[in-house]
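Student:
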Amino acid sequence: MFRIFRAFRLFRVLKITKVFRITKMARLVKGFALLGKLKGRLNTFIHTNGFIYTIYISITTVLLGTVGVYFIEFKARNTRFSECLWWSFATTTTVGYGGIDPETVAGRIITRILMLVGIGFTGMLTGTIATYFLKTKKFADDDILKEMVIDISDLGADKIKQILEYTEFIRNKN
65 MFRIFRAFRL FRVLKITKVF RITKMARLVK GFALLGKLKG RLNTFIHTNG
115 FIYTIYISIT TVLLGTVGVY FIEFKARNTR FSECLWWSFA TTTTVGYGGI
165 DPETVAGRII TRILMLVGIG FTGMLTGTIA TYFLKTKKFA DDDILKEMVI
215 DISDLGADKI KQILEYTEFI RNKN
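With this note's numbering as the guide, the letters of the sequence shown map in order to residues 65 to 238.
1) Does DSSP classify residue 164 as helix, strand or coil?
2) Determine the direct distance from the alpha carbon of residue 145 to that of residue 165, and round the result to whole angstroms.
3) Using alpha carbons as the reference points, say which of 168, 94, 200 lies closest to residue 140.
4) Since residue 156 contacts residue 178 with CB under 8 Å, what's their CB separation in whole angstroms?
5) Is it true that the region 103-111 meets the region 126-133, where meeting means three or more beta-carbon pairs spaced less than 8 Å apart?
6) Please classify residue 229 as buried or exposed, where buried requires at least 16 other C-beta atoms within 10 Å of its C-beta.
7) By a C-beta neighbour count over all protein chains shown, 10 Å radius and 16 as the cutoff for buried, is residue 171 buried or exposed?
8) Within the same chain, show all residues whose beta-carbon is closer than 7 Å to that of residue 118, passing over the 5 residues directly before and after it, in chain order.
9) Looking at the ligand PLP, does it come within less than 7 Å of residue 88, judged from the CB to the closest heavy atom?
10) Among residues of its own chain, excluding the 5 on either side of residue 149, which ones have a beta-carbon nearer than 7 Å to its beta-carbon?
11) Please check the pair residue 115 and residue 192, which I expect to be a contact at CB under 8 Å, by giving their CB distance rounded to whole angstroms.
12) Cα-Cα, which of 233, 222, 120, 182 is closest to residue 159?
13) Shortest alpha-carbon distance to residue 198 belongs to which of 99, 218, 113, 86?
14) Scan the region 103-139 and note each continuous alpha helix (DSSP H) run of 4 residues or more that stays entirely inside, going in chain order.
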């Protein structure tokens with residue numbers, strides 16, 4: 065007799081675990097949908113103002129600066145490539161890093177170029193963020209206007225005239 069109750073209890077536990085699995089799967093699907101939406105917005109953001117080209121130029125400059133400093137400064141001091149990459153990235157992000165100061169003239173020129181690219185990147189990033197949000201608001205406003213506009217292209221001239229007269233009457237009433 066008690067075995068039957070234990071069996072029912074086991075079935076209840078199995079049902080609860082099944083519900084947990086279903087809710088876990090639903091959260092996973094919701095997460096993937098959110099990732100897809102985020103990917104679309106990120107793609108739109110990156111292509112705003114041609115920001116993608118700024119990213120390419122910055123990455124290329126950091127890599128070329130790394131290689132240049134590695135070969136130029138290697139003779140002056142014993143530096144590793146990873147240190148040069150870190151230095152180049154830190155210099156471009158305008159925070160700088162006090163651990164490595166170029167000793168050669170060519171190294172200092174590369175440093176100045178990296179600083180200018182970093183400042184340009186920061187300016188482009190700021191401008192792109194502003195433009196992205198302004199465009200998003202403009203598109204939302206355009207959608208509201210599209211809902212407010214009535215298509216009267218299939219109406220005759222007399223009907224359009226009546227609509228214009230009624231609109232003028234409403235405007236004058238207020």
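Built from N, CA and C at the ideal position, the CB exists for glycine as well.
Tutor: Per the coordinate set shown:
1) coil
2) 15 Å
3) 168
4) 5 Å
5) no
6) exposed
7) buried
8) 185, 188
9) Ligands in the displayed structure: none, and consequently the ligand PLP is not present.
10) 130
11) 4 Å
12) 182
13) 113
14) 115-137
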